[in-house]
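Participant: Have a look at this one before I ask anything.
Numbering (this note's numbering), first residue to last: 322 to 606.
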């Protein structure tokens with residue numbers, strides 16, 4: 322379904338950015354929203370994306386939830402602030418009056434009796450509070466709640482991943498990117514793009530396990546089952562392991578696995594499988 326992203330690094334980066342950033346920002350702003358509700362700060366708007374506004378989704382209490390044009394996260398707009406700074410007292414008063422009118426019209430439309438309207442007012446459901454009118458601890462809680470929401474959501478995700486676990490790869494294989502010319506494996510017929518599946522009939526799951534198997538067979542011949550490409554036929558390769566492999570491991574000599582053509586070692590006559598025991602009259606054992 323997402324095949325169009327393969328090979329398009331820019332588009333993949335944009336999609337990944339959106340998939341990570343938008344949920345993280347919305348969770349962050351929800352933290353601010355719930356904290357404001359808890360301490361009594363009036364939130365005029367909770368926006369998904371940034372203006373211009375596309376549509377009003379619904380209303381929760383005094384808070385309008387909106388969908389906006391620019392999909393770069395979201396925001397909360399508390400009474401007494403715009404997007405970046407506190408607003409003037411005159412603007413706060415205008416917002417407060419507009420909210421009061423809206424609540425009054427809603428109460429009238431819902432046909433509340435005068436007694437019910439008095440009860441609603443007594444419960445403080447029509448009271449408004451700007452950010453600057455909140456107590457200092459309430460403002461601190463409101464400001465810090467976004468970061469705490471991100472931390473809490475990350476913790477929950479890590480717990481879920483830990484509980485679900487990571488599936489173990491069964492029947493893994495070793496993909497060969499390139500084979501050094503004149504190396505033991507190249508001499509045995511291994512080619513770039515081959516997929517190593519088995520050594521002596523036993524599956525191998527990683528390159529480290531593959532080479533460990535070869536290291537355990539000094540002086541012997543290993544039958545390596547490879548596949549030429551994903552859909553290719555299986556091919557058996559006979560890899561002759563030099564006896565010097567075990568000697569190198571036992572005495573800490575340097576074992577030559579492969580030679581780059583034209584390199585100084587190649588020009589000097591060193592060959593794959595050679596065991597270097599002395600360097601500049603210094604014994605390496």
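Note that the Cβ used here is the ideal one computed from N, Cα and C, for glycine as well.
What you are looking at is a predicted structure, and each value in this text was computed from that prediction instead of being measured.
Kindly indicate which residue of 497, 585, 582, 504 has the alpha-carbon position closest to the one of residue 550.
Facilitator: The count along the chain shown starts at 1 and reaches residue 550 at position 229. Residue 497 is the option with its Cα nearest to residue 550.
Participant: Tell me whether residue 414 sits in a helix, a strand or coil according to DSSP, three-state version.
Facilitator: Within the chain shown, the letter at position 93 stands for residue 414. DSSP places residue 414 in helix when its eight states are reduced to three.
Participant: If residue 383 and residue 420 are in contact, beta carbons under 8 angstroms, what's the gap, nearest whole angstrom?
Facilitator: Along the chain shown, read from residue 1 onward, the residue named residue 383 stands at position 62. Along the chain shown, read from residue 1 onward, the residue named residue 420 stands at position 99. Sure, about 6 angstroms apart at Cβ, within 8 angstroms.
Participant: From the DSSP output, read off the bridge partner residues of residue 374.
Facilitator: Indexing the chain shown from 1 puts residue 374 at position 53. 389.
Participant: What's the C-alpha gap between residue 339 and residue 363?
Facilitator: Here residue 339 refers to the residue found at position 18 when the chain shown is read from its first residue. Here residue 363 refers to the residue found at position 42 when the chain shown is read from its first residue. Spanning the two alpha carbons is a distance of roughly 29 angstroms.
Participant: Which residues does DSSP list as the beta-bridge partners of residue 368?
Facilitator: Residue mapping note: residue 368 aligns to position 47 of the chain shown, counting from 1. Residue 368 is bridged to 387, 396.
Participant: Under three-state DSSP, which class holds residue 362?
Facilitator: Numbered from 1 along the chain shown, position 41 holds the residue referred to as residue 362. Reduced to three states, the DSSP call for residue 362 is coil.
Participant: Looking at C-alpha atoms only, which residue of 537, 502, 457 is the closest neighbour of residue 584?
Facilitator: Translated into positions along the chain shown, residue 584 becomes position 263. Minimum Cα distance to residue 584 is reached at 502.
Participant: State the DSSP-derived secondary structure class of residue 503, mapped to helix, strand or coil.
Facilitator: Taking the chain shown and counting its residues from 1, the one referred to as residue 503 is at position 182. Residue state, collapsed to three classes: coil.
Participant: Taking 8 angstroms as the threshold, find out whether the stretch 538 to 555 comes into contact with the stretch 507 to 520 through three or more Cβ pairs.
Facilitator: As far as the Cβ criterion goes, the stretch 538 to 555 touches the stretch 507 to 520, which means the pair count is three or higher.
Participant: Residue 549 lies in the beta strand (DSSP E); which residues open and close that run?
Facilitator: Stepping through the chain shown from its first residue, residue 549 is reached at position 228. 542 to 549 is the span of the beta strand (DSSP E), which, as asked, contains residue 549.
Participant: Spatial neighbours of residue 416 within its chain, please: C-beta separation below 6 angstroms, excluding the five flanking residues on both sides.
Facilitator: Locating residue 416 in the chain shown gives position 95, where the first residue counts as 1. 400.
Participant: Within a Cβ cutoff of 6 angstroms, which residues of the same chain sit near residue 392, ignoring the five residues on either side of it in sequence?
Facilitator: The sequence position of residue 392 within the chain shown is 71, counting from 1. Counting only Cβ-Cβ distances below 6 angstroms, and skipping sequence neighbours, we find 370.
Participant: By DSSP's criteria, residue 516 is part of a beta bridge. Which residues make up the other side?
Facilitator: For the purposes of this step, residue 516 is taken as residue 195 along the chain shown, with counting starting at 1. Answer is 496, 548.
Participant: DSSP puts residue 380 in a beta bridge; with which residues?
Facilitator: Your numbering for residue 380 matches position 59 in the chain shown. Its beta-bridge partners are 385.
Participant: If you count every other CB in all the chains shown that lies within 10 Å of the CB of residue 523, and 16 or more means buried, which is it?
Facilitator: Within the chain shown, the letter at position 202 stands for residue 523. Residue 523 should be labelled exposed.
Participant: Buried or exposed, going by whether 16 or more other CB atoms sit within 10 Å of the CB of residue 515?
Facilitator: Reading the chain shown from its first residue, position 194 is the one you call residue 515. Per the 10 Å Cβ criterion, buried.
Participant: Spatial neighbours of residue 346 within its chain, please: CB distance less than 8 angstroms, with the 5 preceding and 5 following residues excluded, ordered by chain position.
Facilitator: Taking the chain shown and counting its residues from 1, the one referred to as residue 346 is at position 25. Excluding sequence neighbours, residue 346 sits near 393, 394, 395.
Participant: How is residue 453 classed by DSSP in three states: helix, strand or coil?
Facilitator: Counting from one through the chain shown, the residue named residue 453 turns up at place 132. Helix at residue 453.
Participant: Using the C-alpha atoms, what's the distance from residue 356 back to residue 462?
Facilitator: As a working note, residue 462 is residue 141 in the chain shown. As a working note, residue 356 is residue 35 in the chain shown. About 7 angstroms.
Participant: Just the Cα atoms here: how many angstroms apart are residue 555 and residue 531?
Facilitator: Taking the first residue of the chain shown as 1, we reach residue 555 at position 234. Taking the first residue of the chain shown as 1, we reach residue 531 at position 210. Roughly 17 angstroms between the two C-alpha positions.
Participant: Thinking C-beta only, is residue 483 closer than 8 angstroms to residue 348?
Facilitator: Here residue 348 is taken as the residue at index 27 of the chain shown, counted from 1. Here residue 483 is taken as the residue at index 162 of the chain shown, counted from 1. The answer is no: Cβ separation not under 8 angstroms.
Participant: Kindly indicate the opening and closing residues of the alpha helix (DSSP H) around residue 588.
Facilitator: Start at 1 with the first residue of the chain shown, and residue 588 comes out as number 267. Its alpha helix (DSSP H) spans residues 585 to 588.
Participant: Let me check understanding here. Comparing Cα to Cα, which of 456, 402, 341, 379 lies closest to residue 361?
Facilitator: Residue numbering aside, residue 361 sits at position 40 when the chain shown is read from its first letter. Of the candidates 456, 402, 341, 379, the one whose C-alpha sits nearest the C-alpha of residue 361 is 456.
Participant: Measuring straight from C-alpha to C-alpha, what distance separates residue 341 and residue 474?
Facilitator: Translated into the one-based positions of the chain shown, residue 341 becomes position 20. Translated into the one-based positions of the chain shown, residue 474 becomes position 153. Between residue 341 and residue 474, the C-alpha separation is close to 13 angstroms.
Participant: Using C-beta distances below 8 angstroms, list every residue in its chain close to residue 354, excluding the 5 sequence neighbours before and after it, in chain order.
Facilitator: The sequence position of residue 354 within the chain shown is 33, counting from 1. Contacts found: 364, 367, 384, 397.
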